[in-house]
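Working notes, beginning with the structure itself.
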Amino acid sequence: MNDEQISTAPVPAAPSGDDARYMALAFTLGRRNLGRTWPNPAVGAVVVKDGLILGRGWTQEGGRPHAEVEALRHARKNAPDGDLKGATMYVTLEPCSHHGKTPPCADAIVRAGLTRVVSALEDPNPDVSGKGHERLRGKGIAVDIGLAADEACRAHIGHITRTREARPFVTLKLAISADGKVGLAGRTPVSLSSEAARTHVFQMRAQSDAILVGIGTVLSDNPQLTCRLPGMEERSPVRVLLDARLRVPMSVSVIATVRDVPTWVFCSTKASPIAEDILQQKGCKVFRVDEADGKLDLGQVLKTLAGEGITRLMVEGGPTIAASFVAADLIDAAVLLHSQKTVGDDGIDALEGLPLSALTDRLQAQGSETVGTDRVETFGRPA
Numbered sequence: 004m005n006d007e008q009i010s011t012a013p014v015p016a017a018p019s020g021d022d023a024r025y026m027a028l029a030f031t032l033g034r035r036n037l038g039r040t041w042p043n044p045a046v047g048a049v050v051v052k053d054g055l056i057l058g059r060g061w062t063q064e065g066g067r068p069h070a071e072v073e074a075l076r077h078a079r080k081n082a083p084d085g086d087l088k089g090a091t092m093y094v095t096l097e098p099c100s101h102h103g104k105t106p107p108c109a110d111a112i113v114r115a116g117l118t119r120v121v122s123a124l125e126d127p128n129p130d131v132s133g134k135g136h137e138r139l140r141g142k143g144i145a146v147d148i149g150l151a152a153d154e155a156c157r158a159h160i161g162h163i164t165r166t167r168e169a170r171p172f173v174t175l176k177l178a179i180s181a182d183g184k185v186g187l188a189g190r191t192p193v194s195l196s197s198e199a200a201r202t203h204v205f206q207m208r209a210q211s212d213a214i215l216v217g218i219g220t221v222l223s224d225n226p227q228l229t230c231r232l233p234g235m236e237e238r239s240p241v242r243v244l245l246d247a248r249l250r251v252p253m254s255v256s257v258i259a260t261v262r263d264v265p266t267w268v269f270c271s272t273k274a275s276p277i278a279e280d281i282l283q284q285k286g287c288k289v290f291r292v293d294e295a296d297g298k299l300d301l302g303q304v305l306k307t308l309a310g311e312g313i314t315r316l317m318v319e320g321g322p323t324i325a326a327s328f329v330a331a332d333l334i335d336a337a338v339l340l341h342s343q344k345t346v347g348d349d350g351i352d353a354l355e356g357l358p359l360s361a362l363t364d365r366l367q368a369q370g371s372e373t374v375g376t377d378r379v380e381t382f383g384r385p386a
């Protein structure tokens, strides 16, 4: 073997207890803007030198600046003379290596003089996919990959799903009475959840890129579909409405407040172009997709949302929409809020035409907790 074949990159160190603590902080930082960074993942990063945390960063709203750049910027301010030579960065996803709307983060790390990067996960984005780690190693930086990889997969599941399956990660939320109903007879809405459970739902919305309902829910409930927690109104997700025939009245909340919170409407290719023009003039985005048996093609809906940058979608529609997603096997996770209230035998079932087991049997129970007077169950796809 000649000298040119010998790698000059340092041998990666075995992860330590300190590594785990710094990486845990990086994940906490990344969650700060979850739901606001799309189309980019919500990454967290920490810069440490000689046992001191010099910089913290997380992906900013709209996806830029990236977490690594933010962490380096703060670290330079805190380091003596701005010198970061010998520092380590902990980051929840591989630093990017390609020129997009911003220069590569890998190059910024090299210029800063860091000697080690601890990265939780290789980025599945084909524009990156190991190239960032390779670039760092090629510049003599030690790279450790895989610390807290399982947590990284959970944290970046929206980005991973959008990259690999060309659709957002879909979470279904259902508020269910003690006797398995979601509404009164005649599709009359009913308040089931406790105040604490409603707060839990608002927090879920704040961490979602978009929230989806059907026209039936809008006509019967006139929901706002926003995050109504003090100081968090600006974290409301994009509102997505499925309305095949464009029947939505201009007076309902999701249309009347479109200048405050975006509303995207999906309709059939046969829907009225006049109605579409009116919605667009109001400020809505309108997308046309195919339909079958009077129902919009959900696969096309999700593909379109992914194309618009949506990575995490919360489905909060009524029993018809919920059943359609279940039947199409498009639910990745479910959150069931079980109320202590009862509705009666003539109430509306949680899933139109399907037993609730059609959902719970295909997912895996992940946990249960008490929130207020409600029991909240979470489910996810088997590993």
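Numbered according to our numbering, the sequence shown spans residues 4 to 386.
Virtual Cβ for every residue (Gly too), placed ideally from N, Cα, C.
Owing to the predicted nature of the structure, the values given are computational and were not obtained by experimental measurement.
- With fewer than 16 other Cβ atoms from the protein chains shown falling within 10 Å of its own Cβ, I277 counts as exposed.
- Apart from sequence neighbours up to five positions away, the residues of its chain that approach R378 with a beta-carbon distance below 7 Å are H341 and S371, ordered along the chain.
- Burial is judged here by how many other beta carbons sit within 10 angstroms of a residue's own beta carbon; G135 has at least 16 and is buried.
- Membership of E372 in the beta strand (DSSP E) is indicated by the continuous run Q367 to V374.
- In terms of Cα proximity to G149, the closest of D130, V121, Q303 and R365 is V121.
- Taking R79 as reference, the option from L359, K52 and V257 with the minimal CA-CA separation is K52.
- With a 10 Å radius around the Cβ and a threshold of 16 neighbouring Cβ atoms, L55 comes out exposed.
- The secondary-structure analysis by DSSP pairs D377 across a beta bridge with V374.
- Take the alpha-carbon of G183 and the one of A123: they are about 41 Å apart.
- Counting C-beta pairs with one atom in each stretch, the segment 313-320 and the segment 169-189 have three or more that are closer than 8 Å, which means they touch.
- Looking from the CA of T105, the closest CA among A115, V72 and E125 belongs to V72.
- For K142, there is no enclosing alpha helix (DSSP H), as DSSP marks it with neither H nor E.
- One thing to note: G66 has its Cβ within 8 Å of the Cβ of N43.
- Between the segment 239-251 and the segment 273-287, the count of Cβ pairs shorter than 8 Å is three or higher; the stretches touch.
- Sequence-distant Cβ neighbours of A309 in its own chain, meaning closer than 7 Å and more than five residues away, are R165, A169, R170 and P171.
- Rounded to whole angstroms, the separation of the alpha carbons of S327 and K88 is 55 Å.
- A residue is called buried when at least 16 other Cβ atoms come within 10 angstroms of its Cβ; G38 meets this threshold and is buried.
- In this structure, G33 sits away from A90, with a CB-CB distance that is not shorter than 8 Å.
- DSSP, reduced to helix, strand and coil, places M317 within a strand of the structure shown.
- Taking 8 Å as the cut-off, the beta carbon of V185 is found closer than this to the beta carbon of A353.
- The beta carbons of S271 and L299 sit closer together than 8 Å.
- Listed in chain order, the beta strand (DSSP E) runs fully inside the segment 292-365 are 315-318 and 336-341, counting runs of at least 3 residues.
- Note on geometry: alpha-carbon atoms of A29 and G60 lie some 8 Å from one another.
- Looking from the CA of V49, the closest CA among R119, R114, P322 and H101 belongs to R119.
- C-alpha of W41 to C-alpha of V241: approximately 11 Å in a straight line.
- Secondary-structure assignment with DSSP links Y93 through a beta bridge to V49 and V121.
- Contact check for V46 against V113 fails: the beta carbons are separated by 8 Å or more.
- Under the three-state reduction of DSSP output, C270 falls in the strand class.
- Of the candidates R231, D332 and R190, R190 places its Cα closest to the Cα of S223.
- I56 is bridged by DSSP to V51.
- Setting aside the 5 residues that flank it on each side, C156 is surrounded in the same chain by L124 and I163, each with a C-beta closer than 8 Å to its C-beta; the list follows chain order.
- In this structure, DSSP gives D153 a helical state, which the three-state scheme calls helix.
- DSSP places A74 in the helix class (H, G or I) of the three-state scheme.
- Counting along the chain, K184 sits inside the beta strand (DSSP E) bounded by residues K184 to G186.
- R231 sits in coil when the DSSP states are folded into three classes, being neither helix nor strand.
- Looking at the DSSP output, A213 sits in a beta bridge with V241 and L316.
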